[in-house]
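Remarks on the structure that follows.
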Amino acid sequence: MTAPAARAETLASLHHAPEILRVVNVWDVVSARAIADLPQTRALATAGHSIAATFGYEDGENIPLDLMLDMVGRIVAAVDVPVSADLDAGYGDPGETVRRAIGVGVVGANVEDRLRPLADSVAAVEAIVAAGASEGVPFVLNARTDAVLKGGDRPLDEKLTDAIARGRAYLDAGATTVFVPGLLDADATRRLVEGIGERKVSVIGVPGALTAREYEALGVARISYGPQTQRVALTALQDLAIDLYGSGVIPASVRALN
Numbered sequence: 001m002t003a004p005a006a007r008a009e010t011l012a013s014l015h016h017a018p019e020i021l022r023v024v025n026v027w028d029v030v031s032a033r034a035i036a037d038l039p040q041t042r043a044l045a046t047a048g049h050s051i052a053a054t055f056g057y058e059d060g061e062n063i064p065l066d067l068m069l070d071m072v073g074r075i076v077a078a079v080d081v082p083v084s085a086d087l088d089a090g091y092g093d094p095g096e097t098v099r100r101a102i103g104v105g106v107v108g109a110n111v112e113d114r115l116r117p118l119a120d121s122v123a124a125v126e127a128i129v130a131a132g133a134s135e136g137v138p139f140v141l142n143a144r145t146d147a148v149l150k151g152g153d154r155p156l157d158e159k160l161t162d163a164i165a166r167g168r169a170y171l172d173a174g175a176t177t178v179f180v181p182g183l184l185d186a187d188a189t190r191r192l193v194e195g196i197g198e199r200k201v202s203v204i205g206v207p208g209a210l211t212a213r214e215y216e217a218l219g220v221a222r223i224s225y226g227p228q229t230q231r232v233a234l235t236a237l238q239d240l241a242i243d244l245y246g247s248g249v250i251p252a253s254v255r256a257l258n
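The opening position of the sequence shown corresponds to residue 1 in the working numbering, with each subsequent residue numbered one higher.
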């Protein structure tokens with residue numbers, strides 16, 4: 001496995017490339033290996049929601065940080081590509097949490113602002129960047145703003161304005177990209193890219209969203225899928241079980257990926 005600094009530089013370059021970085025989210029070692037084995041895979045991202053669900057916890061820092069980092073570290077050790085981790089809101093100390101994540105081999109992360117006051121959110125970004133520097137790793141922070149996803153009943157125009165203001169501040173503080181989760185159509189995406197910057201916006205692929213190629217044409221840097229990948233896997237498992245409880249058999253097309 002290459003050194004953490006080199007993996008971080010590779011991950012950063014993938015965000016800056018003209019081609020959108022497509023990151024399939026994983027939640028344990030076997031899911032990570034299944035995706036990492038594909039030739040198209042350039043990097044992996046963990047899904048905090050999915051790891052929490054794996055251990056029976058609700059999303060949102062309910063899973064103990066030690067348990068989360070243990071799983072993330074196992075994922076890092078199992079693959080040869082850079083891994084970015086979902087670290088929720090930083091578990092009360094974003095800088096220290098990122099320092100510990102670097103310790104298990106993580107070279108990038110999503111950390112969300114939860115719409116805290118802008119000054120507090122900027123301070124968190126600065127702490128994360130400083131933690132990376134202190135560990136000798138040019139950490140790739142995909143700084144998440146919840147301005148669209150959790151903006152409540154505000155008009156979309158106001159949500160986008162807030163997301164742009166926050167995103168610019170996070171980039172100024174050292175973030176690599178700005179993650180704006182939510183269902184974004186072409187107009188909203190175009191405005192975010194114009195306001196935050198080309199290859200500086202990260203989005204999530206959810207049902208009803210644009211395709212990765214469409215987001216790429218609009219100047220988006222990265223697309224990930226959060227808990228959706230685990231939901232697809234669990235849907236397939238439950239549908240198989242329904243069939244097996246009937247007259248079904250295991251399909252011959254099943255691949256031995258474990």
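Glycine is no exception: its CB is placed at the ideal position from the N, C-alpha and C atoms.
Skipping 5 residues on each side, what residues in its chain have a beta carbon closer than 6 angstroms to that of residue i?
i, result
"A45", "V23, N25, S84, S224"
"A3", "none"
"Q230", "W27, S50"
"A212", "I20, R22, I223"
Alpha carbon to alpha carbon, what distance is there between residue j and residue i?
i, j, result
"A131", "V140", "11 angstroms"
"G95", "A233", "33 angstroms"
"D80", "A32", "10 angstroms"
"P263", "R191", "Any question about residue 263 goes unanswered here, given that the chain covers just 1 to 258."
"V265", "L118", "For the chain, the structure presents residues 1 to 258; residue 265 sits outside this window and is missing."
"A17", "G246", "49 angstroms"
"V72", "A124", "21 angstroms"
"L237", "A252", "15 angstroms"
Please confirm whether residue i and residue j have their CB atoms less than 9 angstroms apart.
i, j, result
"V206", "Y215", "no"
"H49", "G226", "yes"
"L115", "A147", "yes"
"V111", "L87", "yes"
"E135", "I102", "yes"
"L240", "I250", "yes"
"A188", "I20", "no"
"A186", "L210", "yes"
"G152", "D162", "no"
"Y91", "E58", "no"
"L69", "V104", "yes"
To which residues does DSSP link residue i through a beta bridge?
i, result
"V83", "L44"
"L141", "A109"
"T177", "N142"
"N25", "A45"
"R190", "None; R190 has no bridge partner."
"S224", "V23, I204"
So residue i and residue j are in contact, right, with Cβ under 8 angstroms, and what is the actual spacing, rounded?
i, j, result
"T176", "A43", "T176 to A43, Cβ: 12 angstroms. No contact."
"F55", "L38", "Wrong, their Cβ atoms sit about 26 angstroms apart, outside the cutoff."
"A89", "E126", "In fact, because the Cβ distance is near 15 angstroms, the residues do not count as touching under 8 angstroms."
"I63", "A52", "4 angstroms"
In chain order, what residues of the same chain lie with their CB nearer than 7 angstroms to the CB of residue i, ignoring the 5 residues before and after it?
i, result
"D113", "S121, R144, T145, D146, R166"
"P138", "A5, A8, E9, A12, G132"
"E198", "G219"
"V178", "A143, T145, G167, Y170, L171, I196, K200, V201, S202"
"V29", "R74, I75, A78"
Counting only the same chain and skipping the five closest in sequence on each side, list residues whose C-beta sits under 8 angstroms from that of residue i.
i, result
"A109", "S84, A85, D86, L87, V98, A101, I128, F139, V140, L141, N142"
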